[in-house]
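Worksheet: one structure, shown below.
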Amino acid sequence: MSDFDTFIDAVTAGATTLAKDMLRQGLQEAQEDARTFLKRTEADLRKWTEALALNKLTPREFADLVDGRASLATLAALTQLGVARTRLERFRVGLIELVIDSAFDTFVPG
């Protein structure tokens, strides 16, 4: 399994935990929305995580780039489920933080 696949798996699994902690519902929808976000940003994430691993991007620069893609986390499945807007926004912020933290754990040497 590649480092990128490990990273994707960590984000997907983390989205379930995030949904349990923040939403208490919609676990499958949270995973679906996380996978959709990862798919929409995959090309950028591949490029940025590689640059992060090679020290061509600082952790701060990486975080700023990922934060800039937050609008692509539309959370359509959770919205359709009827999750309140404030909870959706908290989940969106948590998902972006999860992507950043998982990338650091996977690509930044300890």
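As numbered in our numbering, residues 575 to 684 make up the sequence shown, in order. For glycine and all other residues, C-beta sits at the position ideal for the given N, C-alpha and C.
Checklist entry - Among Lys613, Ile674, Ser676, Leu646, which residue has its Cα nearest to the Cα of Glu663? => result Position 89 of the sequence shown, counted from the start, is the residue given in the question as residue 663. Checked all of Lys613, Ile674, Ser676, Leu646; the closest Cα to Glu663 is Leu646.
Next on the checklist: Tell me the DSSP secondary structure of Pro683 in three-state form.
Outcome noted: In the sequence shown, residue 683 corresponds to position 109, counting from 1. The answer is coil: DSSP assigns Pro683 none of H, G, I, E or B.
Checklist entry - Helix or strand or just coil, what does DSSP make of Met596? => result In the sequence shown, residue 596 corresponds to position 22, counting from 1. Met596 falls in the helix class under three-state DSSP.
Checklist entry - In this structure, does DSSP put Leu649 in helix, strand or coil? => result Against the sequence shown, residue 649 aligns to sequence position 75. Note: Leu649 maps to coil in three-state DSSP.
Checklist entry - Hey, is the stretch 655 to 675 in contact with the stretch 624 to 631, meaning 3+ C-beta pairs nearer than 8 Å? => result no
Item to check | Val640, enclosing alpha helix (DSSP H) - first and last residue | outcome: Position 66 of the sequence shown holds residue 640. Its alpha helix (DSSP H) spans residues 633 to 641.
Checklist entry - Can you check whether the CB of Arg661 is closer than 8 Å to the CB of Met596? => result For the purposes of this step, residue 596 is taken as residue 22 along the sequence shown, with counting starting at 1. For the purposes of this step, residue 661 is taken as residue 87 along the sequence shown, with counting starting at 1. Against a cut-off of 8 Å, the Cβ pair of Arg661 and Met596 comes out as a contact.
Next on the checklist: Leu652 and Ala589 - do their beta-carbons sit closer together than 8 Å?
Outcome noted: Stepping through the sequence shown from its first residue, residue 589 is reached at position 15. Stepping through the sequence shown from its first residue, residue 652 is reached at position 78. The answer is no: Cβ separation not under 8 Å.
Item to check | Neighbourhood of Ile582 by C-beta, 8 Å cutoff - its chain only, sequence neighbours within 5 removed | outcome: Indexing the sequence shown from 1 puts residue 582 at position 8. If we look at Ile582 and ignore the five residues flanking it on each side, its Cβ neighbours are Leu612.
Checklist entry - Just to confirm, are Ala608 and Val640 a CB contact at a threshold of 8 Å? => result For the purposes of this step, residue 608 is taken as the residue at position 34 of the sequence shown. For the purposes of this step, residue 640 is taken as the residue at position 66 of the sequence shown. Not closer than 8 Å, so no.
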